[in-house]
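Have a look at the structure below, then the notes.
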Amino acid sequence: MSKWTEPVEELVYQGRIKVPYTWSVGEVGSRFFSELRDNRKIFGKRCPACNKVLVPARKICGHCSRQTADWVEVKDEGTVLTFTVVRYPSDVQPLNPPFGYGVIRLDGADTGLTHLLYGSEPAKWRTGMRVKAVFKEKRAGNILDIAYFEPIIP
Ligand SMILES: [Zn+2]
541 MSKWTEPVEE LVYQGRIKVP YTWSVGEVGS RFFSELRDNR KIFGKRCPAC NKVLVPARKI
601 CGHCSRQTAD WVEVKDEGTV LTFTVVRYPS DVQPLNPPFG YGVIRLDGAD TGLTHLLYGS
661 EPAKWRTGMR VKAVFKEKRA GNILDIAYFE PIIP
């Protein structure tokens, strides 16, 4: 046996670990996702201190750290604040390209919701364009119950 102070060959084992898990989305997340699943409605929560409507609904305001209060239904249409276009297929992407990832401020909300953009030619997309949520027919109670946001191109 060698002394502990002598250098050793460092071996590396290549492998993968599969770690299935579940966690509670909490009281606020449960209502938010239930409304998507059961009623195709999108809700935010209003902060009593700064008056912002946060979407997705959150228990704590990220702007002033106060507990949110009232539930507010927002529209399923909104404005794209920023976006990027995915043009190359990958096993990890949720849609076949071309599609986009966008930050959307829904009508009635004060924050941006990150989601998928799909359904028209990306060359026509612009910041500030209007989009509408397209819900899945079969919904499971998660953010992908909204399949994507479809640009409304005039
Ligand atoms: Zn606030």
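Each residue of the sequence shown is one higher than the last, beginning at 541 in the working numbering.
Glycine is no exception: its CB is placed at the ideal position from the N, C-alpha and C atoms.
Computed from a prediction, not measured in an experiment: that's the story for all the values here.
Among the options, nearest to residue i - alpha-carbon criterion
i	options	result
residue 651	642, 657, 638 and 636	642
residue 666	638, 621, 608 and 547	621
residue 582	589, 568 and 604	568
residue 662	623, 602 and 648	623
Spatial distance of residue i from residue j (CA atoms)
i	j	result
residue 689	residue 576	14 angstroms
residue 606	residue 680	30 angstroms
residue 615	residue 636	27 angstroms
residue 701	residue 683	Since the first residue of the chain shown is 541 and the last is 694, residue 701 is not available in this structure.
residue 653	residue 586	15 angstroms
residue 631	residue 638	14 angstroms
residue 553	residue 628	31 angstroms
residue 543	residue 549	13 angstroms
residue 610	residue 591	10 angstroms
residue 640	residue 545	54 angstroms
residue 619	residue 551	52 angstroms
residue 555	residue 563	25 angstroms
Cut-off 7 angstroms between Cβ atoms - residues of its own chain near residue i, not counting five sequence neighbours on either side
i	result
residue 565	573
residue 685	576, 577, 675, 676 and 679
residue 691	657, 659, 660, 665, 669 and 671
residue 598	568, 585 and 608
residue 648	593, 612, 614 and 615
Same chain only: Cβ atoms within 6 angstroms of residue i, ignoring 5 sequence neighbours per side
i	result
residue 559	none
residue 596	572
Which residues DSSP lists as bridging residue i, in chain order
i	result
residue 655	642
residue 673	689
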